[in-house]
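S.K.:
There are 2 protein chains.
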Amino acid sequence: MKIGILGGGQLGRMLALAGYPLGIGVRCYDPVSDSPARDVAELISGPYEDAGALARFLPGLDAVTYEFENVPAETVRLIEKTVPVYPAPRALEVGQDRLAEKEFFTALGIPTPRFQRVGSAGELEKAIGVTGLPAVLKTRRSGYDGKGQFRLLRREDATAAWQSMGGNPAILEEFVPFERELSVLAVRSRDGAAVCYPLIENVHRNGILSVSRAPYPDPLLQKTASEYAYRLMRELGYCGVFALELFHAGGRLLANEMAPRVHNSGHWSIEGADTSQFENHLRAVTGLPLGSTAARGFSGMVNIIGDHPPVERILALPGVHLHLYGKSPRPLRKLGHVTVTAGDSAGRDRLLATVRELLGA
Amino acid sequence: MKIGILGGGQLGRMLALAGYPLGIGVRCYDPVSDSPARDVAELISGPYEDAGALARFLPGLDAVTYEFENVPAETVRLIEKTVPVYPAPRALEVGQDRLAEKEFFTALGIPTPRFQRVGSAGELEKAIGVTGLPAVLKTRRSGYDGKGQFRLLRREDATAAWQSMGGNPAILEEFVPFERELSVLAVRSRDGAAVCYPLIENVHRNGILSVSRAPYPDPLLQKTASEYAYRLMRELGYCGVFALELFHAGGRLLANEMAPRVHNSGHWSIEGADTSQFENHLRAVTGLPLGSTAARGFSGMVNIIGDHPPVERILALPGVHLHLYGKSPRPLRKLGHVTVTAGDSAGRDRLLATVRELLGA
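Quick mapping for you: the protein sequence lines, in order, are chains A and B.
Under my numbering, the letters of the first sequence match residues 1 to 361, in that order.
Under my numbering, the letters of the second sequence match residues 1001 to 1361, in that order.
(1) Pick from A:VAL130, A:GLU123, A:GLY109 and A:ALA107: whose alpha carbon is nearest that of PHE115 of chain A?
(2) Less than 7 Å separating the beta-carbons of ILE314 of chain A and LYS334 of chain A?
(3) For LEU1324 of chain B and GLY1009 of chain B, I'd like the C-alpha separation in whole angstroms.
(4) Mind checking which residues open and close the beta strand (DSSP E) that includes MET1014 of chain B?
(5) Under the rule that 16 or more other beta-carbon atoms within 10 Å means buried, what is GLY122 of chain A, buried or exposed?
(6) Interface residues of chain B around LEU11 of chain A at Cβ under 7 Å?
(7) Run through the DSSP bridge pairs and tell me what ARG27 of chain A is partnered with.
(8) Taking DSSP's pairing of strands, which residues face LYS138 of chain A in a bridge?
(9) Classify HIS321 of chain A as buried or exposed, calling it buried when 16 or more other Cβ atoms lie within 10 Å of its own Cβ.
(10) Check the C-beta distance from GLY1095 of chain B over to ARG1190 of chain B and give it rounded, since I have them as a contact under 8 Å.
(11) Do you know how far the Cα of ASN256 of chain A is from the Cα of THR113 of chain A?
(12) So LYS334 of chain A is in the beta strand (DSSP E); what residue range does that whole segment cover?
(13) Whose C-alpha, out of B:ALA1073, B:ASN1202, B:ARG1283 and B:ARG1117, is nearest the C-alpha of VAL1195 of chain B?
(14) Closer than 7 Å, CB to CB, is ALA1316 of chain B near chain A or not?
(15) HIS267 of chain A and HIS337 of chain A: beta carbons closer than 7 Å?
(16) Among the residues of its own chain, which have a CB less than 6 Å from the CB of TRP162 of chain A, if the five just before and after it don't count?
(17) Indicate whether TYR66 of chain A and LEU6 of chain A have their beta-carbon atoms separated by less than 7 Å.
(18) Under 8 Å, CB to CB, which of the residues in the segment 1011-1042 of chain B have a partner in chain A?
(19) Where DSSP assigns a beta bridge to THR65 of chain A, which residues make up the other side?
(20) Would a check of beta-carbon distances place ASP218 of chain A closer than 7 Å to chain B?
(21) For chain B, check one thing: does any of its Cβ atoms lie closer than 7 Å to the Cβ of PRO289 of chain A?
(22) Going by beta-carbon coordinates alone, are THR1354 of chain B and MET1301 of chain B separated by less than 7 Å?
(23) As a quick exercise: from A:LEU182, A:CYS239 and A:LEU236, pick the residue whose alpha carbon is nearest that of PRO217 of chain A.
(24) Rounded to whole angstroms, what's the CA-CA distance from PRO1198 of chain B to SER1345 of chain B? Just pull it up for me.
(25) Residues of chain B with CB closer than 7 Å to the CB of SER328 of chain A, please, in chain order.
(26) If we define contact as Cβ-Cβ less than 7 Å, is LEU185 of chain A a contact residue for chain B?
(27) Beta strand (DSSP E) containing ARG1350 of chain B: first to last residue?
(28) Evaluate THR106 of chain A with the Cβ neighbour count: other Cβ atoms within 10 Å of its Cβ, from every protein chain shown; 16 or more gives buried, anything less gives exposed.
(29) Considering just the uninterrupted stretch of the alpha helix (DSSP H) at ALA1193 of chain B, what are its terminal residues?
Rendered as structure tokens:
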């Protein structure tokens, strides 16, 4: 069994590592030839639009999936003619456009922060009337890790905000003074069976995920979040791991964004769940039974961002797991992550505090 | 950091998979070019005596270790001139000779079954007088998984037994009617720090490990077994994971054999311990701090031997992990293993029984 993955970053690398014990081989496709998957999988390099390189990527693949959602939808449609693609391209298309995504949430009755389409300076003025201030202006496409965003505090900043979009279509979103950020990861099989991981609490820094903790133990929120994920996956005819980021505010859950792939906030599942998100994604796209998503104790995850971590001091801590991605340091670059596990939440939190201090996170 | 491994079997494969998250690359050396490590690591192929192939293996390695104990000691001594080898060759030499091994145990005050050197038919007669019957005649070298052994029940079988050795030096060992087989895995760092995994209970079939269960909860036996492992490692100036197989008989622990490497009976540690034996071996040989060996719940391991397993039925069980080695089926060949984990020993045993039934183990 051989699976093709569009994208060869750390997610592709961890998918490949999860595949070997199951007898599933992985071949990645990435525009960058020294991307993190290079060490652990076959890697074909070329632009996403390069039909010749794609033709070298496809032979012998049983299915294709992706670890990066900004793959051109046309690339996926081209591949689909030869090899089945999971999840189906519609999830990709919806997820690539922040406006389509929010409209999709709304159409399915899933609450979101208030939002408005913005295509011009004039529309921005009107949109502020709907969302109120503060608000966040975001490019509809190609933003990730906080890029392509402008936090709008005063009406006077509207011109600067619009100019920062560089003429790209945008969406204005109400700024939600949330109590916490949560995410829910679910996985759906080819035949429609679905399971959900325990809720995850996330902390972002500079728009980039910094820390995750799981499980976030709130049965009512868990039920609501899981139900949202199931509803979205069902509507999309989804297959694979699916991530939904949520704000918890005033007792409600508001959908912020979705990702049609394995997700940074689920990295704790390698040690912290019965079946990791990577293994479950591969099980789903290869038609194998889904694995249990039950938590094993209490877990935390800290991203290693920008600089090499103090490896020896991290590994000297019991219950701590290091995951490096084989990347060279660069400001704001995700170089790896550290997972901590413990038998109770207090023990987890103590260990997590130590790791955060070591990593300056 | 790059580590060379002599041998590219499943142990090399699992060492390589454990290395990537730590930023440790692996290059294997194996006489067989399609050995299981081929998918996940660089693989150099050649006979162990081929200086030319070894010269292609060594460049850029920070240390060399092994996953197979029948590497010629001269090969290791040659490599040592260029690259540090962990564990040091003495462990290999002692472990390669069943007689030297038993004498080494005895010299360190570690009880063993009664044994006698056998170099001729005449010596076998005399040896039977020492060990009594039944007894087991074994070649001193190159036996593994029950090969090169003759179970001697009656004096009249002595001639047939000696002939089955093909003229090779042998050892006669008392047959111990043990209550159970146990093994203890320990790991020692370059600077002499050492930790021990929980005791493991093993069941062999046809001389091949079939099932392991851990922890085997007996604090007194654990203390004795750990102390034996520490004593042996200290005497050998050992670095890396070390395995000691023991018979539990009449309330005593008798040392049966040692392995200077990661060990089949420790495969449960991937999911069942804070730090797997593979990660801890790499930590030891690269000079990193050793990881916690504490058990995570109760684990069991079943070897997949001879035939492809029913993958879908195995993966449909919660708390079950599949590890395939990328080998094609062949009678008595280890193709993979299945680990089960549970929160209590009864749950583990139920799951283990189901998996054994599925695998016919």
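For every residue, glycine included, the Cβ atom is placed at its ideal position computed from N, Cα and C.
M.R.: The answer reads as follows:
(1) A:VAL130
(2) no
(3) 12 Å
(4) First-last for MET1014 of chain B: 1010-1019, but that is the alpha helix (DSSP H), not the beta strand (DSSP E).
(5) exposed
(6) The contacting residues do not exist; LEU11 of chain A stays about 14 Å from chain B at best.
(7) Paired residue(s): A:GLY4 and A:GLU42.
(8) Answer by DSSP bridge pairing, in chain order: A:GLN149 and A:ILE171.
(9) buried
(10) About 20 Å separates the two Cβ atoms, so there is no contact after all.
(11) The question names Thr, but residue 113 of chain A is Pro in the sequence shown. Looking at the two C-alpha atoms, the distance is approximately 7 Å.
(12) 334-342
(13) With distances taken between Cα atoms, VAL1195 of chain B lies closest to B:ARG1283.
(14) yes
(15) yes
(16) ALA121 and LEU124
(17) yes
(18) Hits within the stretch, in order: ARG1013, LEU1017, TYR1020, PRO1021, LEU1022, GLY1023, GLY1025, ASP1039 and VAL1040.
(19) A:ILE5
(20) no
(21) yes
(22) Taking the C-beta atoms as reference points, MET1301 of chain B is found no nearer than 7 Å to THR1354 of chain B.
(23) Taking PRO217 of chain A as reference, the option from A:LEU182, A:CYS239 and A:LEU236 with the minimal CA-CA separation is A:LEU182.
(24) 14 Å
(25) Within chain B, no residue comes near SER328 of chain A; the closest Cβ sits about 12 Å away, beyond 7 Å.
(26) no
(27) Careful: ARG1350 of chain B lies outside any beta strand (DSSP E), inside the alpha helix (DSSP H) at 1345-1359.
(28) exposed
(29) For ALA1193 of chain B, no alpha helix (DSSP H) run applies, since DSSP gives it neither H nor E.
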